[in-house]
Amino acid sequence: MKHFQIYSSVFLSLLLLPAVSPRSTEAVPYVFEIIADNKGPINSFGQATINKSGIIAFGASKDGGGGGYFIANGGSLTEINARGTPPQINDGGTIVFNANNQSILTYTDGVTTTVADRAGIYSSLGVPSINDSGTVVFQTTLDTGGEGIFVSRDGVVTEIVNTRGQFNSFGLFADINNSGTVVFTGTLDTGEQGIFTAYNGQVSTISSRNASRVSINNEGTVAARIGDGSLFVSGSETNRFSDSFSNLIGAPALNNGNSIAFQSGSALFITDHLGNLESIVAPGDTIQNGITMVGLAGEHDYPGWLNDRGQVAFWAYLSDGSEAMIVASRVPEPSSFLLLFSGSLLFLLPSLRRRLSSSR
289 MKHFQIYSSV FLSLLLLPAV SPRSTEAVPY VFEIIADNKG PINSFGQATI NKSGIIAFGA
349 SKDGGGGGYF IANGGSLTEI NARGTPPQIN DGGTIVFNAN NQSILTYTDG VTTTVADRAG
409 IYSSLGVPSI NDSGTVVFQT TLDTGGEGIF VSRDGVVTEI VNTRGQFNSF GLFADINNSG
469 TVVFTGTLDT GEQGIFTAYN GQVSTISSRN ASRVSINNEG TVAARIGDGS LFVSGSETNR
529 FSDSFSNLIG APALNNGNSI AFQSGSALFI TDHLGNLESI VAPGDTIQNG ITMVGLAGEH
589 DYPGWLNDRG QVAFWAYLSD GSEAMIVASR VPEPSSFLLL FSGSLLFLLP SLRRRLSSSR
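In our numbering, the protein residues as written are 289 to 648.
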């Protein structure tokens with residue numbers, strides 16, 4: 289009887305497993321979570337950034353005027369009394385932002401720290417980015433003339449490239465990975481434009497294309513939207529999706545798994561490291577409880593809205609008349625359940641053998 293109970297339990301577990309089928313080429317299902325909406329004190333949203341823990345930072349305006357940054361973490365919403373460019377968040381939960389072109393600030397656990405401000409040598413400040421060790425990179429125009437790209441590490445600010453040499457100007461956005469490699473766009477004294485990296489004093493050309501909104505991951509892969517509205521990815525064919533997408537909007541988001549999310553029209557898409565393309569969300573898709581997305585509420589102008597788990601943060605107009613900040617998470621494939629069960633079964637086998645032996 290004991291043998292029958294043990295075998296029947298294993299057999300029942302197998303029956304309860306979802307059917308495993310080959311990966312479909314159709315749209316992969318995503319589940320959506322509404323993080324915040326404008327049915328309360330928030331009036332409208334700005335672009336969000338999301339880290340691997342699913343913590344989200346975004347800007348928003350409030351009813352009656354005013355607004356600031358908000359951090360959404362596990363159902364709680366924390367407001368930061370500051371406004372400026374869309375924030376960037378690292379995996380430690382620190383956010384960085386340009387506060388109305390007056391200063392670049394970081395915020396961690398209630399503490400705001402000044403990285404740079406216009407009271408010093410800077411006459412204007414670009415959009416900052418931050419890596420997981422808290423190193424911040426930013427572009428600036430100097431009081432003495434010219435431009436530079438600076439890195440702030442442990443409170444020490446260092447210029448890594450400037451317009452006193454081969455460069456004439458820089459784009460407003462630069463990005464930095466965990467090894468300290470910085471990617472930026474610039475125009476040379478010759479008039480040529482391109483994508484460049486800087487590491488340990490060495491500047492390298494990644495592409496001689498006119499590009500904007502660049503990002504770099506920890507493997508050193510670079511993604512950007514190039515001038516004709518198509519996608520550039522270093523180490524692969526540019527215009528990878530030019531046959532299907534000729535109107536990329538805003539900035540592509542690149543994670544450390546080499547997945548890239550991007551906006552085309554009013555829809556969001558994602559590609560994995562093999563170039564397999566999936567639709568994330570489009571007008572008419574159900575978001576929650578029969579409520580559908582009418583359209584995206586803005587452009588994703590800055591990287592950071594895709595995390596290493598493949599989650600995407602976006603804001604949209606919904607069919608109930610509201611505007612909402614939403615996180616999209618990919619539904620696991622059935623094969624992942626099979627792997628989970630197989631691992632559990634291997635873990636339980638020694639116990640099953642002991643029980644069988646003791647029942648003899």
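The beta-carbon is built from N, C-alpha and C at its ideal position, and this holds for glycine as well.
- For threonine 400, the enclosing beta strand (DSSP E) stretches over residues 399-405.
- Residue pairing by DSSP places tyrosine 605 opposite Gly583 and Glu611 in a beta bridge.
- Under the 10 Å beta carbon count, proline 374 is surrounded by 16 or more other beta carbons and is classified as buried.
- When DSSP states are grouped into helix, strand and coil, leucine 562 belongs to the coil group.
- By the beta-carbon neighbour count (other beta carbons within 10 angstroms, threshold 16), glutamine 490 is exposed.
- In this structure, Val399 is the residue among Ala370, Phe520 and Val399 with its C-alpha nearest to the C-alpha of glycine 381.
- One thing to note: methionine 613 has its Cβ within 8 Å of the Cβ of phenylalanine 333.
- For threonine 485, the enclosing beta strand (DSSP E) stretches over residues 481-487.
- In the three-state DSSP reduction, proline 540 falls in the strand class (E or B).
- In this structure alanine 404 touches valine 445 by the C-beta definition: roughly 6 Å separates them, less than 8 Å.
- When the Cα atoms are used, serine 617 and aspartate 463 turn out to be separated by approximately 25 Å.
- Under the DSSP assignment, threonine 394 falls in the beta strand (DSSP E) whose first and last residues are 391-396.
- Looking at the DSSP output, glutamate 435 sits in a beta bridge with Thr429.
- Around the C-beta of alanine 407, fewer than 16 other C-beta atoms lie within 10 Å, and the residue is accordingly described as exposed.
- Under DSSP, serine 617 takes part in a beta bridge, and its partners are Val319.
- The beta carbon of alanine 585 lies closer than 6 Å to those of Trp603, Ala604, Tyr605 and Glu611 in the same chain, with the five residues before and after it left out.
- The bridge partners DSSP lists for aspartate 325 are Ala612.
- Cβ-Cβ separation between leucine 460 and valine 415: approximately 6 Å, consistent with a contact (criterion under 8 Å).
- Taken through DSSP and simplified to helix, strand or coil, glutamine 376 comes out as strand.
- DSSP lists Leu430 as the beta-bridge partner residues of tyrosine 410.
- In the DSSP assignment, alanine 570 falls outside any beta strand (DSSP E), carrying neither H nor E.
- The continuous beta strand (DSSP E) containing lysine 350 extends over residues 344-350.
- From the listed residues Tyr590, Pro620 and His588, the smallest Cα separation to arginine 597 is found for Pro620.
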